[in-house]
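Numbering of the sequence shown is given in numbering that gives the first Met the number 0, commencing with residue 0 and proceeding in unit increments.
By construction, the Cβ of each residue, glycine as well, lies at the ideal position given by its N, Cα and C atoms.
Let me begin by presenting the structure, written as structure tokens, before commenting on it.
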Amino acid sequence: MKITEVTFVRGAVKPQDYPQNGYPEIAFVGRSNVGKSSLINSLLGSQKVARTSNTPGRTQQINFFLINQQWHFVDLPGYGYARVSKQVRRQLQYMIQNYLAQRDALMLSILLVDSRHLPSELDLQAKLWFEQRAKPFLVVLTKSDKLSNNELRNQLIKIKAALGTEQVIPYSTVTGLGKDALWSTILSHLAL
Ligand code: GTP
Ligand code: MG
Numbered sequence: 000m001k002i003t004e005v006t007f008v009r010g011a012v013k014p015q016d017y018p019q020n021g022y023p024e025i026a027f028v029g030r031s032n033v034g035k036s037s038l039i040n041s042l043l044g045s046q047k048v049a050r051t052s053n054t055p056g057r058t059q060q061i062n063f064f065l066i067n068q069q070w071h072f073v074d075l076p077g078y079g080y081a082r083v084s085k086q087v088r089r090q091l092q093y094m095i096q097n098y099l100a101q102r103d104a105l106m107l108s109i110l111l112v113d114s115r116h117l118p119s120e121l122d123l124q125a126k127l128w129f130e131q132r133a134k135p136f137l138v139v140l141t142k143s144d145k146l147s148n149n150e151l152r153n154q155l156i157k158i159k160a161a162l163g164t165e166q167v168i169p170y171s172t173v174t175g176l177g178k179d180a181l182w183s184t185i186l187s188h189l190a191l
């Protein structure tokens, strides 16, 4: 996919703040620090569109990026970050679920899971949440460059079994693994 233009539209915390321009959206969902912002930058071939950080829990709003004047990438806050108060965690969870449940423009949610670990309880809940509401979603395994080919093969089998889905794409922002496969799935859902 040739990216010609990327603009940060806005950060929103409530539905009234969401952009109302009707562009189709792809959302990136996953626990804090799993690599959501890095994945967006990698897909766009840019270093600095979505802010990344070694400190988990930095993104506390819903960030909308307009790509090629045609669609939005939506960077959601991470879930499950332990070092914020219970109340903040509840607010973030509410913000995320509200967006995912109600946004008509949402075409596909990309659920990110760390390739080095089995899905957490919260990852499994997220996947169940999408299934129960019949929301289109796809699992991307992040940071796969941190595993050997053998380890990755084994993790892929285990994670697919744990999630009960074959719709899993291993990804690395370092090697570019998974980029073409992910783009073709994204484009098929955008139906531009
Ligand atoms: P929050 O906004 O806090 O929810 O985090 P996030 O999910 O947006 O994670 P972010 O993209 O900020 O990445 C967290 C850390 O993981 C950063 O240090 C990234 O450089 C690193 N990272 C992300 N993807 C990859 C990858 O594919 N390979 C490697 N080696 N590191 C990665
Ligand atoms: Mg982030």
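When the Cα atoms are used, what is the spatial distance from residue i to residue j?
i	j	result
Ser-36	Arg-50	6 angstroms
Arg-203	Arg-152	This structure leaves residue 203 out entirely; the chain is present only between 0 and 191.
Arg-88	Thr-164	28 angstroms
Arg-102	Lys-134	11 angstroms
Arg-30	Ile-109	12 angstroms
Leu-155	Asp-179	18 angstroms
Pro-18	Ser-171	30 angstroms
Ser-84	Phe-129	26 angstroms
Leu-186	Gln-86	37 angstroms
Going by DSSP, what residue range makes up the alpha helix (DSSP H) through residue i?
i	result
Met-0	Taken as a continuous stretch (DSSP letters only), Met-0 belongs to no alpha helix (DSSP H), as it is neither H nor E.
Val-87	85-101
Thr-184	178-189
Asp-122	120-131
Ser-37	35-43
Going along the chain, which residues of its own chain have a beta-carbon closer than 6 angstroms to the beta-carbon of residue i, five neighbours each way excluded?
i	result
Val-33	Leu-111, Asp-113, Thr-141
For residue i, which residues of its own chain have a beta-carbon under 7 angstroms away from its beta-carbon, when the five flanking residues on both sides are left out?
i	result
Pro-23	Trp-70, Ala-104, Met-106, Leu-189
Ile-158	Val-112, Leu-117, Pro-118, Leu-140, Val-167
Whose C-beta lies closer than 8 angstroms to the C-beta of residue i among residues of the same chain, with five residues either side of it excluded?
i	result
Trp-182	Met-0, Leu-42
Where do the ends of the beta strand (DSSP E) carrying residue i lie?
i	result
Asn-62	61-66
Glu-165	Here Glu-165 belongs to no beta strand (DSSP E), and DSSP marks it neither H nor E.
Between residue i and residue j, which are expected to be in contact by the criterion C-beta below 8 angstroms, what is the C-beta distance as a whole number of angstroms?
i	j	result
Asp-74	Ile-39	6 angstroms
Leu-91	Gln-124	Not quite, the Cβ-Cβ distance comes to about 14 angstroms (not below 8 angstroms), so this is no contact.
Thr-174	Leu-137	Incorrect: roughly 20 angstroms between the Cβ atoms, too far for contact.
Thr-6	Phe-64	7 angstroms
Thr-121	Gly-177	Per the sequence shown, residue 121 should be read as Leu rather than Thr. The Cβ separation is near 22 angstroms, so there is no contact.
Legend entry - At least 3 beta-carbon pairs within less than 8 angstroms: the stretch 10-29 vs the stretch 86-98: yes
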